[in-house]
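Novice:
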Amino acid sequence: MKRSGETDDEITALAQRMREMISASWMSQAIYVAAELRIADFLVKGARTEQELAALTQTHEGALRRLLRALTTIDFCRELEDGSFEVTPLGSLLATDAPYSLRSWALWWGAQLWPVWGQLLYSVRTGQSARKLLLGTEGFGHLERDPALARIFHGAAAELTKLTAIDVVRAYDFSGLDRIVDVGGGCGELLAAVLLAAPAARGVLFDLPPAVELGRAQLETLGLAARCEFVAGSFFDSVPAGGDVYILKSVIHDWNGADCQRILRNCRKAMGGGRILLIEEMLPEHLTNSRAHQAVACSDLTMLAALAAQERTDAELRELLASAGFRVVRVLPAGPTFRIIEALPEPWLT
Numbered sequence: 299m300k301r302s303g304e305t306d307d308e309i310t311a312l313a314q315r316m317r318e319m320i321s322a323s324w325m326s327q328a329i330y331v332a333a334e335l336r337i338a339d340f341l342v343k344g345a346r347t348e349q350e351l352a353a354l355t356q357t358h359e360g361a362l363r364r365l366l367r368a369l370t371t372i373d374f375c376r377e378l379e380d381g382s383f384e385v386t387p388l389g390s391l392l393a394t395d396a397p398y399s400l401r402s403w404a405l406w407w408g409a410q411l412w413p414v415w416g417q418l419l420y421s422v423r424t425g426q427s428a429r430k431l432l433l434g435t436e437g438f439g440h441l442e443r444d445p446a447l448a449r450i451f452h453g454a455a456a457e458l459t460k461l462t463a464i465d466v467v468r469a470y471d472f473s474g475l476d477r478i479v480d481v482g483g484g485c486g487e488l489l490a491a492v493l494l495a496a497p498a499a500r501g502v503l504f505d506l507p508p509a510v511e512l513g514r515a516q517l518e519t520l521g522l523a524a525r526c527e528f529v530a531g532s533f534f535d536s537v538p539a540g541g542d543v544y545i546l547k548s549v550i551h552d553w554n555g556a557d558c559q560r561i562l563r564n565c566r567k568a569m570g571g572g573r574i575l576l577i578e579e580m581l582p583e584h585l586t587n588s589r590a591h592q593a594v595a596c597s598d599l600t601m602l603a604a605l606a607a608q609e610r611t612d613a614e615l616r617e618l619l620a621s622a623g624f625r626v627v628r629v630l631p632a633g634p635t636f637r638i639i640e641a642l643p644e645p646w647l648t
């Protein structure tokens, strides 16, 4: 049905835009396949023909050529005059050893989040995790039974954290702090950035055992392990005591309200004084058609489908912190969507 004054050209333009959005998932799967086949790893060494790449990747030559040509349309690679392909600066981000590689994230999204998103309707109807529907596991239980999958997950989380860490250390002054506890710190990407920005500080990396061991290796490689303690445990039980600041980056959005309260209260119990920093993609009160809002909306729906969890607004984060005995003192932007919520412990009510 036409709206008043709307022309056929305007309607067809909108229809074309909607068509593109409906089929946009082809790009994530093409990128996933490129990551799985390590095409960027081969192309960063120089241009190669489809025959060479097919032999290296053990794929069907004709089918691989079709993938490569499709990847040229999204600036992953270029087809040269002689028919060979070279990687672009954008495509090189899928190389394993790229400084800001996103290969693990492409693998995680394309293989693990893909089926979860396919059950978004179930999650919207029920408010429940589609992953639980598919795998029968709660939270991150699927990682406990598959160490190889856990390594991909932690690698993906580290890649995203490395990007966010740049904005975090620009936005927040960590100088003058002695003991920095990274709660649920994964592979230690954020803690490493903080310790580099605050040379006098010492860090505590706290997470489940597999993540802590990956973090130890990472911080040893960076020459920072001597300034760190590596503590394995669950933040549902307790967290290391005596920190000047407790950092929780992308932790709260993984859990429901009751679980978040347990985590935050355990942080509160561990504090003599100090403060807490929540680093989260804050959900705006009103969403608009913008890249930044699309990113946080995507994350929010991912949390719903994967974990029956959510991104939260400023008011929701303040309420959650207050319920665990904290008072928000300031909120700082850290990039387009992330915010640093700094809070101090209130005296316990009796």
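The sequence shown maps to residues 299 to 648 in this note's numbering.
From the three backbone atoms N, C-alpha and C, an ideal C-beta is built for every residue, glycine too.
(1) Under 8 Å, do residue 393 and residue 329 count as touching if we go by C-beta distance?
(2) Can you give me the C-alpha to C-alpha distance between residue 647 and residue 631, rounded to a whole angstrom?
(3) If you count every other CB in all the chains shown that lies within 10 Å of the CB of residue 363, and 16 or more means buried, which is it?
(4) Taking buried to mean at least 16 other C-beta atoms within 10 Å of its own C-beta, is residue 594 buried or exposed?
(5) So residue 506 and residue 547 are supposed to be a Cβ contact under 8 Å. How far apart are they, rounded?
(6) Taking buried to mean at least 16 other C-beta atoms within 10 Å of its own C-beta, is residue 306 buried or exposed?
(7) Starting from the N-terminal side, write out each stretch of the alpha helix (DSSP H) that is 4 residues or longer and does not extend beyond the region 393-455.
(8) By the DSSP assignment, the alpha helix (DSSP H) with residue 561 in it spans what residues?
(9) Out of 407, 310, 308, 303, which one is the CA nearest neighbour of residue 333?
(10) In the DSSP assignment, find the alpha helix (DSSP H) that holds residue 518 and state where it starts and stops.
(11) Could you give the residue range of the beta strand (DSSP E) that holds residue 523?
(12) Can you say whether residue 526 is buried or exposed, counting buried as having 16 or more other CB atoms within 10 angstroms of its CB?
(13) Under three-state DSSP, which class holds residue 531?
(14) Under the DSSP definition of a beta bridge, which residues are partnered with residue 374?
(15) Let me check one thing: in DSSP terms, what residues is residue 489 bridge-paired to?
(16) From residue 371 to residue 539, what does the alpha carbon distance come to, in whole angstroms?
(17) Run through DSSP, which three-state label would residue 482 get?
(18) With DSSP run on the structure shown, which of helix, strand or coil describes residue 383?
(19) Determine the burial state of residue 349: buried for a count of at least 16 other Cβ atoms within 10 Å of its Cβ, exposed for fewer.
(20) Have a look at 554, 642, 608, 464 and flag the residue whose alpha-carbon is nearest the alpha-carbon of residue 572.
(21) May I ask you to report which of helix, strand or coil DSSP gives residue 362?
(22) Under 8 Å, do residue 574 and residue 565 count as touching if we go by C-beta distance?
(23) Can you tell me the Cβ-Cβ gap for residue 484 and residue 504, rounded? I've got them flagged as a contact below 8 Å.
(24) What's the gap between the Cα of residue 614 and the Cα of residue 636?
(25) Do you know whose CA, among 611, 601, 335, lies nearest residue 402's CA?
(26) Residue 578 lies in the beta strand (DSSP E); which residues open and close that run?
(27) Assign residue 267 to one of three DSSP states: helix, strand, or coil.
(28) Under 8 Å: do the region 604-612 and the region 428-435 share three or more Cβ pairs, one atom per stretch?
(29) Would you mind sorting residue 510 into buried or exposed? The rule is 16 or more other CB atoms within 10 Å of its CB.
(30) Quick check on residue 436: buried or exposed, where buried means 16 or more other Cβ atoms within 10 Å of its Cβ?
(31) Note down the Cα distance separating residue 321 from residue 388, rounded to an integer number of angstroms.
(32) Rounded to a whole number of angstroms, what is the C-alpha to C-alpha distance between residue 491 and residue 391?
(33) Who are the Cβ neighbours of residue 368 in its own chain at under 6 Å, not counting the five residues just before and after it?
(34) Which residues in the same chain as residue 549 place their Cβ atom closer than 6 Å to its Cβ, once the five residues preceding and following it in sequence are excluded?
(35) Buried or exposed, going by whether 16 or more other CB atoms sit within 10 Å of the CB of residue 374?
Specialist: Walking through what the data contain:
(1) By 1-based counting over the sequence shown, the position of residue 393 is 95. By 1-based counting over the sequence shown, the position of residue 329 is 31. No, the pair does not count as a contact, with Cβ atoms beyond the cut-off.
(2) Residue mapping note: residue 647 aligns to position 349 of the sequence shown, counting from 1. Residue mapping note: residue 631 aligns to position 333 of the sequence shown, counting from 1. Residue placement at residue 647 is poorly supported in this model, since its pLDDT is 43, which falls under 50; the coordinates still yield a value, given next. Cα to Cα, the separation comes out at about 31 Å.
(3) By one-based count along the sequence shown, residue 363 stands at place 65. Residue 363 should be labelled buried.
(4) Numbered from its first residue, the sequence shown carries residue 594 at position 296. The residue in question, residue 594, is buried, as its Cβ has 16 or more Cβ neighbours within 10 Å.
(5) In the sequence shown, the residue the question calls residue 506 occupies position 208. In the sequence shown, the residue the question calls residue 547 occupies position 249. Wrong, their Cβ atoms sit about 16 Å apart, outside the cutoff.
(6) Here residue 306 corresponds to residue number 8 of the sequence shown, with the count starting at 1. Exposed, by the Cβ-count rule.
(7) 401-405, 412-415, 418-424, 428-433, 439-442
(8) Along the sequence shown, read from residue 1 onward, the residue named residue 561 stands at position 263. Looking at the DSSP string, the run of the alpha helix (DSSP H) that includes residue 561 is 555-568.
(9) Locating residue 333 in the sequence shown gives position 35, counting from the first residue. Taking only the C-alpha atoms, the option nearest residue 333 is 407.
(10) Working through the sequence shown from its first residue, we reach residue 518 at position 220. Element bounds for residue 518: 507-519.
(11) The residue you call residue 523 lines up with position 225 of the sequence shown. Where residue 523 is concerned, there is no enclosing beta strand (DSSP E), given that its DSSP letter is neither H nor E.
(12) By one-based count along the sequence shown, residue 526 stands at place 228. Answer is buried; the Cβ neighbour count reaches 16.
(13) In the sequence shown, the residue the question calls residue 531 occupies position 233. Here residue 531 sits in coil by DSSP.
(14) In the sequence shown, counting from the first residue as 1, residue 374 sits at position 76. Partner(s): none; residue 374 has no beta bridge.
(15) Numbered from its first residue, the sequence shown carries residue 489 at position 191. Paired residue(s): none; residue 489 is not in a bridge.
(16) As a first step, residue 371 is located in the sequence shown; it is residue number 73 there, counting from the start. As a first step, residue 539 is located in the sequence shown; it is residue number 241 there, counting from the start. Whole-angstrom Cα-Cα distance: 52 Å.
(17) Taking the sequence shown and counting its residues from 1, one reaches residue 482 at position 184. Coil at residue 482, not helix or strand.
(18) Residue numbering aside, residue 383 sits at position 85 when the sequence shown is read from its first letter. Three-state result, residue 383: strand.
(19) As a working mapping, residue 349 is identified with position 51 in the sequence shown. Residue 349 should be labelled exposed.
(20) Numbered from its first residue, the sequence shown carries residue 572 at position 274. The shortest Cα separation from residue 572 among 554, 642, 608, 464 belongs to 642.
(21) Here the question's residue 362 lines up with position 64 in the sequence shown. Of the three classes helix, strand and coil, the one that applies to residue 362 here is helix, per DSSP.
(22) Taking the sequence shown and counting its residues from 1, one reaches residue 574 at position 276. Taking the sequence shown and counting its residues from 1, one reaches residue 565 at position 267. Their beta carbons are under 8 Å apart, which means residue 574 touches residue 565 by this criterion.
(23) By 1-based counting over the sequence shown, the position of residue 484 is 186. By 1-based counting over the sequence shown, the position of residue 504 is 206. Their Cβ separation, rounded to whole angstroms, is 10 Å, which puts residue 484 and residue 504 out of contact at 8 Å.
(24) Looking up residue 614 in the sequence shown gives position 316. Looking up residue 636 in the sequence shown gives position 338. Their Cα atoms are separated by approximately 15 Å.
(25) For the purposes of this step, residue 402 is taken as residue 104 along the sequence shown, with counting starting at 1. For residue 402, the nearest C-alpha among the options comes from 335.
(26) In the sequence shown, the residue the question calls residue 578 occupies position 280. 573-579 is the span of the beta strand (DSSP E), which, as asked, contains residue 578.
(27) Because the chain is modelled from 299 through 648, residue 267 falls outside the range shown and cannot be assessed.
(28) yes
(29) Counting from one through the sequence shown, the residue named residue 510 turns up at place 212. Buried, since its Cβ has 16 or more Cβ neighbours within 10 Å.
(30) Sequence index remark: in the sequence shown, residue 436 carries index 138 (1-based). It counts as exposed.
(31) One-based indexing of the sequence shown puts residue 321 at position 23. One-based indexing of the sequence shown puts residue 388 at position 90. If you take the alpha carbons of residue 321 and residue 388, they lie about 22 Å apart.
(32) The sequence position of residue 491 within the sequence shown is 193, counting from 1. The sequence position of residue 391 within the sequence shown is 93, counting from 1. Cα-Cα distance, rounded: 20 Å.
(33) Locating residue 368 in the sequence shown gives position 70, where the first residue counts as 1. Closer than 6 Å at Cβ, skipping near neighbours: 328.
(34) Counting from 1 along the sequence shown, the entry for residue 549 is found at position 251. Contacts found: 482.
(35) Reading the sequence shown from its first residue, position 76 is the one you call residue 374. Result: buried.
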